[in-house]
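Taking UniProt numbering, the leading residue of the sequence shown gets 1, the next gets one more, and so forth.
Reading through the structure tokens given below for one structure.
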Amino acid sequence: MPSGKPSPSGRSAPSEAYDLAVIGAGPAGLAGAVAADEAGLSVALLDSAAHTGGQYFRHPDPALGATRPQALHHDWPAFARLRDRLADGGVTHLAGHHVWTVTREAENRWTVHALTGADGEADEPVTVRARAVLLATGAYERQLPFPGWTLPGVVGAGGAQAMLKSGLVLPGRRVVVAGSGPLLLAVATSLAAAGADVPAVVEASGYVGYARHPRALATNPHKLLEAATHGTALLRHRVPVHTRSTVTQVHGTDRVEAVTIARVDRHWRPLPGTGRRVACDALAVGHGLVPRIELATTLGCATRRTPDGTTALVLDGFQRTSVPGLWAAGETGGVGGWELARTEGELASLAVAARLGGRPPLTGGTRLRRLRRERARLRVFAEAMAAAHAPGRGWTRWLTDNTEVCRCEEVTAGRVREAVCDLGAHDARTVKLLTRAGMGWCQGRMCGAAVACLATEGTAEGTVPPSAERRPLAVPVPLGALGSLPTDTSVDQPNIESNTERPTAP
Numbered sequence: 001m002p003s004g005k006p007s008p009s010g011r012s013a014p015s016e017a018y019d020l021a022v023i024g025a026g027p028a029g030l031a032g033a034v035a036a037d038e039a040g041l042s043v044a045l046l047d048s049a050a051h052t053g054g055q056y057f058r059h060p061d062p063a064l065g066a067t068r069p070q071a072l073h074h075d076w077p078a079f080a081r082l083r084d085r086l087a088d089g090g091v092t093h094l095a096g097h098h099v100w101t102v103t104r105e106a107e108n109r110w111t112v113h114a115l116t117g118a119d120g121e122a123d124e125p126v127t128v129r130a131r132a133v134l135l136a137t138g139a140y141e142r143q144l145p146f147p148g149w150t151l152p153g154v155v156g157a158g159g160a161q162a163m164l165k166s167g168l169v170l171p172g173r174r175v176v177v178a179g180s181g182p183l184l185l186a187v188a189t190s191l192a193a194a195g196a197d198v199p200a201v202v203e204a205s206g207y208v209g210y211a212r213h214p215r216a217l218a219t220n221p222h223k224l225l226e227a228a229t230h231g232t233a234l235l236r237h238r239v240p241v242h243t244r245s246t247v248t249q250v251h252g253t254d255r256v257e258a259v260t261i262a263r264v265d266r267h268w269r270p271l272p273g274t275g276r277r278v279a280c281d282a283l284a285v286g287h288g289l290v291p292r293i294e295l296a297t298t299l300g301c302a303t304r305r306t307p308d309g310t311t312a313l314v315l316d317g318f319q320r321t322s323v324p325g326l327w328a329a330g331e332t333g334g335v336g337g338w339e340l341a342r343t344e345g346e347l348a349s350l351a352v353a354a355r356l357g358g359r360p361p362l363t364g365g366t367r368l369r370r371l372r373r374e375r376a377r378l379r380v381f382a383e384a385m386a387a388a389h390a391p392g393r394g395w396t397r398w399l400t401d402n403t404e405v406c407r408c409e410e411v412t413a414g415r416v417r418e419a420v421c422d423l424g425a426h427d428a429r430t431v432k433l434l435t436r437a438g439m440g441w442c443q444g445r446m447c448g449a450a451v452a453c454l455a456t457e458g459t460a461e462g463t464v465p466p467s468a469e470r471r472p473l474a475v476p477v478p479l480g481a482l483g484s485l486p487t488d489t490s491v492d493q494p495n496i497e498s499n500t501e502r503p504t505a506p
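Here it is in structure tokens:
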């Protein structure tokens with residue numbers, strides 16, 4: 001595909017570039033691309049997956065012959081309408097494009113670098129040029145390790161849902177769902193409806209924390225309805241929900257055979273004598289989601305710490321990052337669900353259209369004001385949700401010294417503690433240099449939070465997650481792709497140490 005190819009509608013932007021490049025085709029990116037296209041912009045939508053929908057609206061390959069894929073999803077009709085609008089418009093949808101970096105060449109001149117293929121294995125790198133960029137890169141699951149978590153049969157909670165939605169398969173016949181966050185209820189409901197035996201949902205935090213945020217509940221009654229719907233479904237399938245509890249150990253030889261569930265205190269420290277063994281052949285576990293912001297932090301975007309200890313982008317009232325010309329929407333600004341992501345994607349695109357048209361965003365009229373009100377309402381609930389399910393610092397008590405923390409490099413909790421106590425490491429980066437924890441294929445996405453917490457174990461900073469890594473590459477890239485890049489010394493790369501203040505609202 002030629003760089004900067006105009007959209008199929010025939011509209012072209014200056015210098016053969018798109019007006020807007022949207023990275024990520026989940027709810028935020030899809031809504032943003034559609035809204036920008038309908039506002040008259042030429043749009044390129046890049047995503048690593050073959051289909052739109054992101055992690056939330058995963059759906060089976062047509063070859064599987066699923067007759068009712070919508071039965072596995074909440075709000076499928078709304079997604080279907082967005083997908084139809086995309087098909088009817090002029091957006092250039094670049095599926096199977098793995099974006100590994102974004103560079104700023106000059107004001108209103110961006111280049112998006114991607115690899116193509118199912119796993120980015122194609123030889124020819126692709127570049128897409130645009131006047132503005134919208135980051136809608138979503139999030140990934142946060143995993144906190146425990147003894148036995150590397151056994152076959154232990155999967156992420158979101159991974160279990162993805163297996164069901166896209167592959168129509170279950171991770172096991174008898175599946176315990178554990179961790180923390182509202183995703184657990186949705187996963188357990190889906191698994192039970194698909195025929196799995198779910199002996200328990202194990203929530204480390206509980207739900208009373210929401211009561212501390214009455215405004216968030218009052219302005220989002222549909223969220224309570226969703227929770228009641230899941231609760232009713234679990235009652236119908238006779239699935240018990242254990243709050244203030246956690247899985248402290250997985251038992252088995254070749255795969256999962258049982259788990260130990262224990263009560264925890266408000267700091268997530270296991271209470272002695274409360275452990276009990278539950279037979280199962282699979283465990284779906286996750287402790288919330290982490291915003292995927294590597295592309296943004298490489299460019300120097302300002303970040304903030306969310307109530308549940310993750311790192312998200314600082315955005316103004318129109319979804320602008322601290323780097324001019326770069327917008328973000330959805331989970332990049334803090335995890336909040338698909339409705340918030342859709343709202344922010346549309347809001348960002350209208351702001352981009354106003355900016356490229358030389359107009360203040362506030363001239364967007366009632367539609368833009370409505371989107372801002374909706375975004376504010378949903379964001380309040382997202383912050384309350386994050387606070388209610390924030391991990392307690394006592395979770396490291398689950399770990400024995402021989403528990404693997406970094407699976408890629410086979411680094412145990414004992415080695416991390418040795419680096420801290422005996423070698424003087426005081427942060428995750430130093431631990432990484434001393435033990436190789438986080439240097440593997442996943443680049444710390446699986447172990448980063450655990451390593452950071454262990455590095456500060458026993459201090460007031462014990463809940464601090466890893467700072468957002470400013471890596472120049474967001475995905476693995478062959479050296480040949482790097483060698484083929486032009487050596488243009490005029491390219492303007494933002495200073496990654498700058499832009500630390502909140503963007504100024506108009």
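Think of the CB as a built atom: it goes at the ideal place given N, C-alpha and C, for glycine as much as any other residue.
The three-state secondary structure of Gln143, taken from DSSP, is coil. Between Ala282 and His242, the C-beta spacing is not below 9 Å. Between Ala351 and Arg320, the C-beta spacing is below 9 Å.
In the DSSP assignment, Thr298 falls outside any beta strand (DSSP E) and lies within the alpha helix (DSSP H) extending over Glu294 to Thr298.
Distances from the CA of Gly24 to each of Gly330, Val202 and Ala450 were compared; the closest alpha carbon is that of Gly330. In the pairwise beta carbon analysis, the segment 87-104 is classified as touching the segment 39-59: at least three pairs are separated by under 8 Å. Going by DSSP, Gly159 is part of the alpha helix (DSSP H) stretching over Ala157 to Gly167. Look at the beta carbons and you see the segment 249-263 touching the segment 148-168: at least three pairs across the two are nearer than 8 Å. Nearest to Pro214 by C-alpha distance, out of Ala384, Ala31, Arg236 and Arg263, is Ala384. With at least 16 other beta carbons inside 10 angstroms of its own, Asp37 counts as buried. Around Gly392, the same chain offers Arg266, His267 and Trp268 as residues with beta carbons nearer than 7 Å, after the five sequence neighbours per side are excluded. Within its own chain, the residues whose Cβ lies closer than 7 Å to the Cβ of Trp100, once the five positions on either side in sequence are excluded, are His113, Ala114, Leu115, Leu473, Ala474, Val475 and Val477, listed in chain order.
In this structure, the CA atom of Gly438 is about 8 Å from the CA atom of Arg445. Taking Pro272 as reference, the option from Gly424, His230 and Ser245 with the minimal CA-CA separation is Ser245. At least 9 Å separates the beta-carbon of Ala279 from that of Leu340.
Glu107 sits in coil when the DSSP states are folded into three classes, being neither helix nor strand.
One thing to note: Gly334 has its Cβ within 9 Å of the Cβ of Pro291. DSSP lists His287 as the beta-bridge partner residues of Ser180.
The C-alpha of Val91 is placed about 32 Å away from the C-alpha of Val380. In this chain, the beta strand (DSSP E) harbouring Leu46 covers Val43 to Leu46. Here the C-alpha atom of Leu399 lies approximately 7 Å from the C-alpha atom of Ala413.
Measuring C-alpha to C-alpha distances from Leu185 to each of Thr366, Arg277, Phe318 and Leu225 identifies Leu225 as the nearest. Note that the segment 414-430 does not touch the segment 302-314; fewer than 3 beta-carbon pairs, one per stretch, sit closer than 8 Å.
Close CB contacts of Leu30 within its chain, under the 6 Å cut and outside five residues either way in sequence, are with Thr52 and Leu82 (chain order). Note: Gly252 is bridge-paired with Val256 in the DSSP secondary-structure output.
Rounded to whole angstroms, the gap between the alpha carbons of Ile293 and Trp395 is 25 Å. If you draw a 10 Å sphere on the C-beta of Glu203, you find 16 or more other C-beta atoms in it, and that means buried. Secondary structure note for Leu135: its beta strand (DSSP E) is the uninterrupted segment Val126 to Leu135. When the beta-carbon positions are compared, Gly179 and Val285 come within less than 9 Å of each other. The C-beta separation of Val154 from Val250 comes to about 6 Å, placing the pair in contact by the 8 Å criterion. Here DSSP, grouped into helix, strand and coil, assigns Ser245 to strand. When C-alpha distances from Ala87 are compared across Asp316, Ala353 and Leu45, the shortest belongs to Leu45. A residue is called buried once 16 or more other Cβ atoms fall within 10 Å of its Cβ, and Gly358, having fewer, is exposed. Contact check for Gly231 and Arg142: beta-carbon distance about 24 Å, past the 8 Å limit, so the pair fails to qualify. Asn220 counts as buried, since no fewer than 16 other beta carbons sit within 10 angstroms of its beta carbon.
The beta-carbon distance between Phe318 and Pro361, rounded to whole angstroms, is 5 Å. This is short enough to meet the 8 Å contact definition.
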